[in-house]
Structures are given as structure tokens and as C-alpha cells.
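Protein sequences appear in the order of chains W and Y.
Residue 347, in full-length UniProt numbering, is where the first sequence stops; the numbers in between run on with no holes.
Residue 347, in full-length UniProt numbering, is where the second sequence stops; the numbers in between run on with no holes.
Glycine included, every Cβ here is placed at the ideal spot set by N, Cα and C.
In this text the structure is predicted, and so the values were computed from the model without any measurement.
2 protein chains.
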Amino acid sequence: MTVTLADVAARAQVSPATVSRVLNGNYPVAAATRERVLRAVDDLDYVLNGPASALAAATSDLVGILVNDIADPFFGIMASAVQSEIGGPGGRAGGERLAVVCNTGGSPERELTYLTLLQRQRAAAVVLTGGAVEDAEHAAAVAGKLRRLADAGSRVVLCGRPPAPGTDAVALTFDNRGGGRRITEHLISLGHRRIGYIAGPQERTTTRHRLEGHREALAAHGVEDDPALTVHGRYDRRSGHDGTVELLRRDPSLTAVVAANDTVAIGACAALRGAGLRIPDDVSVAGFDDLPFSGDAVPALTTVRLPLYEAGARAGRVAMGKEEPPPGDVATVRGELVVRKSTGVPR
Amino acid sequence: MTVTLADVAARAQVSPATVSRVLNGNYPVAAATRERVLRAVDDLDYVLNGPASALAAATSDLVGILVNDIADPFFGIMASAVQSEIGGPGGRAGGERLAVVCNTGGSPERELTYLTLLQRQRAAAVVLTGGAVEDAEHAAAVAGKLRRLADAGSRVVLCGRPPAPGTDAVALTFDNRGGGRRITEHLISLGHRRIGYIAGPQERTTTRHRLEGHREALAAHGVEDDPALTVHGRYDRRSGHDGTVELLRRDPSLTAVVAANDTVAIGACAALRGAGLRIPDDVSVAGFDDLPFSGDAVPALTTVRLPLYEAGARAGRVAMGKEEPPPGDVATVRGELVVRKSTGVPR
DNA sequence: CTGTTAGCGCGTTCAA
DNA sequence: TTGAACGCGCTAACAG
């Protein structure tokens, strides 16, 4: 039915072992023989059987990339960067590796499910992107999975995610706290004192770190941290809209809104506009991440730029063993304040 | 080292076959025995060996999803929809299927490479999203790959892509031509006569179909189709910006711009604003797709809504055999005109 | 309902 | 430099 290695061997008049060797290029093979084999492969339209190969070699060409939301460019950009680094030569049997982007939807259970699936597939490497869920039990379960993946030979890299204690996974962490601090400092320096904050989901590390940075800035400049000025929601536009409506209800005198990320900020802008407020004349708005659309928003969004592509690419290289892990297996990636048109002096 | 099926069998005091049976749930097993096996699996922290399983069963739990650009929500939305339908029960060994999102970057070579990789992995199904490249040689190569995938037992579904002649792949096609016609008719009905068109890459089906719809509308209403009013570019913001600058240079009197998609439209808006023109007072702008940000743009974008999520979900179900393929294996998915604030009567 | 027996297709020793 | 033989871990008949 389907053509196998043996068929190729027969046609090239060599042994199956020889065919395997030319395909993997791991052993010396006479040039003439290799020619013959390659021709047979071509003639027969032979495609290596991945599972069989992986079984025999006890490793596969799969590289898993876990993302919270594949429809969100924040993750899409990192995923495409990781993927750009894992292709090319270096893989077994033909040189190409298969990037497997897994969409967890932010669900802890699905995260674990996918890690199991990748372990089952004997993935060559696994890259986890985005913040982690702050739940002791889940964190322990993830750590266990990561440890077992590593034991089985998979390289594990965290991208934009804090280190996982109890594992030796390499972590490229975003400096969310520092970014959060800088964006709020920017607003304070403009003269804002009543600053609303629309945070992400309560239990995520990214949410907490950005919020902590915000509070650090308030404290450092002696600005009151009114709990009523912080609301939580998801990392989407809707949350920005609804959160802003709520903040405005609680304190109509606020002069600035900091959003958990750019998508949330866009929703905030919509809500402010809906309330008849001008940006930044009446209320300033700040985001986080600097996604592609942020510069095109009207007004262009002041935000913290995270080098998503660069971080993803580095994670990919580390996962492939093409780059040394950072000292201590942890690197912090800073975000840069980008001041545009959505922030100004308070009215 | 790693625990195998045999280890589980030994601990549960049953044969390996029985363990396999409870794991796959394909054969009747006594409740007591199943209990015992499941406990042993748990005790030993056993994880099925995917490659071995796939080798023996001659099929895998992998489902491939090909996308042109994973960082583009257009594809992200479809991919997440496909993926939402392929999980759950029905897969082998534990019920979960692994969605493999493959990023071709729009490159024909990578498209072929990924198809080979998926064939190599004996993927259970493959979903190709987005337009096809219009190159006879490449089309033939893809058709050949798809045929071989189907022969090997993979189900092949095209989502938002025209049928592939010479294959029996199911196609859920977007009515790009009809959408293109409706958006331009909308502008004509508002009174526009000098309408610029920023098309996508020359050689893609999506580009051609949308453009043809545009021209049909012009012809149907006796509006001159000036070749100078059409420019080509990529499906990104930059192309929208640059294309608009060029169109403005060629004809400063144009009153409307139709963009290849919403992302391009956003770029067009930025360029118009940069030229000191108001939208829609001076120039109307229309997009295509209705991505999440389109309603939040300022002004909110008039566009053609494509039911990306629904189409992706349907493709996923068909790929899983959960839904019957449409009659003739081809279904056309219509886009709906969404009139918002970016279009108005010409100045 | 369960155990026994063969492979699935390939990589990798060990000899030659 | 090449071939022969074995086994990777699992599933799918076939018995019982």
C-alpha cells in the first residue's frame, strides 16, 4: 500500500539500513549509493513514517508551543517567532521540524492536557508562552509535567512567563512589574492623581506583576492607591469597555485609565468616547504590549513595548539548542515606554 | 527507564492488550478490570507512547491546520475554531486530539513542506485555511499532496479556500467575489464614482476574487474602471498605507478607497489622516473580513463580515467526521455587508 | 470478556 | 562503507 523504507531499499538495491542512513545523514555513505537511494526516494515518492521513526529513535521532530489564545496577536507574534527558529536543518530525517501550536484558551486543564499530549508525542521541545496561573495545585501539576518532559529528553523553555520552581526550564520573563511602574510614573509625571486601573484576570502572574508595578509607582510618588480605582476583567476589548464604564461610575473625576494591555485599552477608549469624553483631553489612556494596531489607534496608544518577536525567536533558538540558555537559566526582558497620543496633561 | 504499557499490565495483573483496550475504550472490558488498570496507570504515572501507538494503529491523533500568518487574527480565529471542534471524545487513547497549527507565512514551499510533514506524521486530518496561490505548478503539487494524504487516510478540508481540482477535499469557500461586489455597490449607491482599490498579493485567489467582485459592481453600474485606481500589496497595514499614498498621488480627486481587508483598511485610514483628509467626509474607506478591531477603529469600519469562527468550526467538524460534508463537497460561505462610520456620501 | 501472537516501519547495534 | 538482525511500544487479529 504505502511505500516504505524497504521498498526504497529494494529499488535502490541496497539494504534498508543504508536508506535510513542517507535519510538521516548520520553515517558515512558512498556518494554513488546516496545518489541511487535519493533517486529511488524520488521515484517512489517516499515519505518517511514519522511515528515509526520516532519510535525507533525515541524522539520526534515535534516542537510544541503553548499559547493562551491563538486569535490574539500577542501570542501569534511569539508563536510565529518561535516557529521561525525551529525549522531548517538540524531536525532528523529531512531536516524539518514540525511546530505544534497548541491553544489552551487560558484553561489550566487544557494546559495540562496539552503537556501530556506533547509528552506522549515525545516532543523534541516545548515552549510555553504567556503568564502562568497562580494556583499552587496547578503550578505543582505543571511543574511535574515539565520535569517529566525534561526527563524524557524534551527541552522546555518559558517565554514571557515566570520561572517554574522545581524545574530546570529556561525562562525568558517579561519585566511586567517594571513596565507597569513606568507607565504609571509617566502618568503621574504628567500630573495625574486619580488613575483608574483595569487589570486582567485575578489569578494570573502577568496581571499581578503589572498591577504591582502600578502600585509601586503610586506609592513611590505619594499618590493615594484607592482600591475603588482598580477593576479586574479578562484580557479583551469587552473587559476594557465594561471596566471603564464601571470606573467612571465609581469616580467620574478620574483623569487617566491604565489598561492591562492594548486590547483592553482599545475597549477603554471606546467606552470613554461613548461617554462623550475626549482622549487625552478629558481622560488619558495607556496600554501595554504595543501590538501592531496600537500605533494605528486614534489617538495612537501610549503603551509599553514588549519585544514579543525577539523574545519568541530567542526562546525558539534556546529550545533548539542553537543558543546558550541565559546564566541561571533566567533572563528578564524589559519593556520600553512608548509615549504617543493617548496620554496628556490632565484637564 | 520510562514506564511502558507492559509495566502497567504487570502492575494491574492483566495482559498488555487489556491495558490498551481500556485506554482506547474500543472494546468491552469488565468494570473491575478497568478500575484496576486505571489505578495502575495513575500509580505509575503512565503516559501512552504516541509514536508507538500511531505506528501500530497506522494513524495518529494529530490534526494539522495550515495558516498563512499565525499573527493575523483572520487565521487565528479560524484556527481556534477548528481546534475547538477536534478535542473531546472521539480521539484514540484518552480521547484528546492534538491540533497542530502550521504557519506557512504565505510561502508555497512551506505549504508543501508542512503537508509532507503532516503526511509523515500520518495526521488524522488536515485543514487548509485562507486563499490559495494561483500557480499551476504549485497547485498541482498541492493537489498531489492532498491526494496522497487522503489516500493515507487523512481527511482533508479546505476552509476559506476554493476547491482543489483533482482532489476530493471538502471545501468551505468564502464568497469573496460576492462580498467584493456588495461593498463596492454600497459605495456606488452612496454616490462614489472615483473609487480606489488596494488589492492583496497578485497571485492569490482571495485577491483575485475580491477584485473581480469590485469590477463586477463597477461594470454593473456603468462606472469607469480606471486601471490606475487599483494597486496591489500585501495583506498588511503597511500596504494599506503605502497604497493609499500612491492612489492619492495618482488621483487626488478620489472619494473612496476599498481595501483588500480590514488590516489594509486601517493602514489606508492612517495614510488619509496623514494627508489631512477626514474619513468619511473627504474620503470613504471600506474593508473586508470584519475582524474584532474593525468595530473599534475610529471611525468604525464599514466592511464585509466573514463568519470566520463558524466556518472554522464547521471545517473542524467535517474534518472529524462529526458533520456531513456539504453536497458536492463544496459549500459557499457568504459575507454580510456591515455598514458603519467609515463610509458616507462623497464630498 | 481476556490472553497470545504477530507485526507496524524504522534506527541501530554488531559483523563483515 | 554496507548488510543482517533485533527491538522500540503498541494495536489488532485470533483464540479461548
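Report back the beta-carbon spacing between ALA271(Y) and THR244(Y) to the nearest angstrom; my notes put them in contact at under 8 Å. That belief holds up - the Cβ atoms of ALA271(Y) and THR244(Y) are roughly 4 Å apart, short of 8 Å.
Classify LEU296(W): buried if its beta carbon has 16 or more other beta carbons within 10 angstroms, exposed otherwise. Note on residue identity: the sequence assigns Asp, not Leu, to residue 296(W). Taking all protein chains shown into account, ASP296(W) has 16 or more neighbouring C-beta atoms within 10 Å of its C-beta and is therefore buried.
Residues from the region 291-304 of chain W in contact with chain Y, defined by Cβ distance under 7 Å: If the cut-off is 7 Å between Cβ atoms, the region 291-304 of chain W has PRO292, PHE293, ASP296 and VAL298 near chain Y.
Relative to the C-alpha of LEU5(W), which candidate in ASN26(W), ILE183(W), LEU44(W) and TYR27(W) has its C-alpha closest? The candidate whose alpha carbon is nearest that of LEU5(W) is LEU44(W).
Leaving out five residues on either side along the sequence, give the residues of the same chain with a beta carbon under 8 Å from the beta carbon of GLY87(W). Apart from sequence neighbours up to five positions away, the residues of its chain that approach GLY87(W) with a beta-carbon distance below 8 Å are GLU96, ARG97 and ALA99, ordered along the chain.
Pick out the complete beta strand (DSSP E) segments inside the region 140-164 of chain W, 3 residues or longer, and give them in chain order. If one requires a minimum length of 3 residues, the beta strand (DSSP E) runs lying completely within the region 140-164 of chain W are 155-159, in chain order.
Answer yes or no: does any C-beta atom of chain W fall closer than 8 Å to that of GLN83(Y)? Chain W, which has a Cβ nearer than 8 Å to the Cβ of GLN83(Y), makes this yes.
Alpha carbon of ALA58(Y) to alpha carbon of LEU55(W), nearest angstrom: The C-alpha of ALA58(Y) lies about 13 Å from the C-alpha of LEU55(W).
Run through the DSSP bridge pairs and tell me what residue 348(W) is partnered with. This structure cannot speak to residue 348(W), because chain W is shown only from 1 to 347.
Answer yes or no: does any C-beta atom of chain Y fall closer than 8 Å to that of ASN103(W)? Closer than 8 Å: yes.
Excluding the five sequence neighbours on either side, which residues of its own chain have a C-beta within less than 6 Å of the C-beta of ALA331(Y), listed in chain order? Result list for ALA331(Y): LEU172, in chain order.
Just to confirm my understanding: we take GLY94(W), look at its own chain, exclude 5 residues before and 5 after, and list those with CB closer than 6 Å. What are they? With a pLDDT of 46 at GLY94(W), under the threshold of 50, the modelled position of this residue cannot be trusted; read the value that follows with caution. No residues qualify anywhere along the chain.
Is LEU146(W) close to chain Y, meaning its C-beta is less than 8 Å from at least one C-beta of that chain? Answer no: the Cβ-Cβ gap between LEU146(W) and chain Y never drops below 8 Å.
Tell me the DSSP bridge mates of GLU336(Y)? In the DSSP output, where bridge partners are listed per residue, GLU336(Y) has ARG305(Y).
The region 179-188 of chain W contacting the region 156-170 of chain W, beta-carbon criterion three pairs below 8 Å: Contact between the region 179-188 of chain W and the region 156-170 of chain W is absent, with fewer than three C-beta pairs closer than 8 Å.
Chain Y partners of GLU96(W), CB-CB under 7 Å? Those are THR113 and LEU117, listed as they occur along chain Y.
Establish whether the CB of ALA54(Y) and some CB of chain W are separated by less than 8 Å. Yes, its Cβ sits closer than 8 Å to a Cβ of chain W.
Segment limits, alpha helix (DSSP H) that includes LEU272(Y): Taken as a continuous stretch (DSSP letters only), the alpha helix (DSSP H) holding LEU272(Y) covers 262-274.
Looking only at DSSP bridge pairs, what is ASN103(W) linked to? Per DSSP, VAL67(W).
Going along chain Y, which residues have a C-beta under 7 Å from LEU48(W)? Per Cβ cutoff of 7 Å: ARG120.
Per the DSSP calculation, ILE198(Y) is bridged to which residue(s)? Answer is VAL231(Y) and ALA259(Y).
So what does DSSP say about ARG204(W), is it helix, strand or coil? Residue state, collapsed to three classes: strand.
Say whether chain W places a C-beta atom closer than 8 Å to the C-beta of SER189(Y). Interface with chain W (8 Å Cβ-Cβ cutoff): SER189(Y) is excluded.
With burial defined as no fewer than 16 other Cβ atoms inside 10 Å of the residue's Cβ, what is the status of ASN68(Y): buried or exposed? Around the Cβ of ASN68(Y), a 10 Å sphere holds 16 or more other Cβ atoms; the residue is buried.
Per the contact definition of three or more C-beta pairs closer than 8 Å, is the region 254-262 of chain W in contact with the region 275-287 of chain W? Under the 8 Å Cβ criterion, the region 275-287 of chain W counts as touching the region 254-262 of chain W, having at least three qualifying pairs.
THR116(Y) - DSSP class collapsed to helix/strand/coil: Assigned with DSSP and collapsed to three states, THR116(Y) falls in helix.
Report, in whole angstroms, the separation of the C-beta atoms of ALA124(W) and SER60(W), which I expect to be a contact under 8 Å. That belief holds up - the Cβ atoms of ALA124(W) and SER60(W) are roughly 6 Å apart, short of 8 Å.
Which same chain residues end up closer than 7 Å to ARG215(Y) when comparing Cβ atoms and leaving out the 5 residues on each side of it in sequence? Cβ neighbours of ARG215(Y) beyond the five flanking positions: ASP225.
Just to confirm my understanding: we take GLY316(Y), look at its own chain, exclude 5 residues before and 5 after, and list those with CB closer than 6 Å. What are they? Close CB contacts of GLY316(Y) within its chain, under the 6 Å cut and outside five residues either way in sequence, are with VAL82, GLU85 and ILE86 (chain order).
ALA79(Y) touches chain W at which residues, Cβ-Cβ below 9 Å? Under the 9 Å cutoff, chain W gives ILE70, ALA71, VAL101 and ASN103.
GLN202(Y) to TYR235(Y) span [Cα, whole Å]: Rounded to whole angstroms, GLN202(Y) and TYR235(Y) show a C-alpha spacing of 11 Å.
Measure how close the beta-carbons of PHE75(Y) and THR129(Y) come, nearest whole angstrom, since I'm counting them as under 8 Å. Indeed they touch by this definition, with Cβ atoms about 6 Å apart.
Span separating the alpha-carbon of ASN49(Y) from that of ARG122(W): When rounded, the distance between both Cα atoms is 8 Å.
Is THR244(Y) close to chain W? Criterion is C-beta to C-beta, closer than 8 Å. Judged by the 8 Å Cβ criterion, THR244(Y) is not in contact with chain W.
Quick one: which chain W residues come within Cβ less than 7 Å of ALA237(Y)? The amino acid at residue 237(Y) is misidentified as Ala; the sequence shows Arg. At a beta-carbon threshold of 7 Å, the residues of chain W lying near ARG237(Y) are PRO292 and ASP296, ordered along the chain.
Buried or exposed: where does PRO28(Y) fall if 16 or more other Cβ atoms within 10 Å of its Cβ makes it buried? Counting every other CB atom within 10 Å of its CB across the protein chains shown gives PRO28(Y) a total below 16, marking it as exposed.
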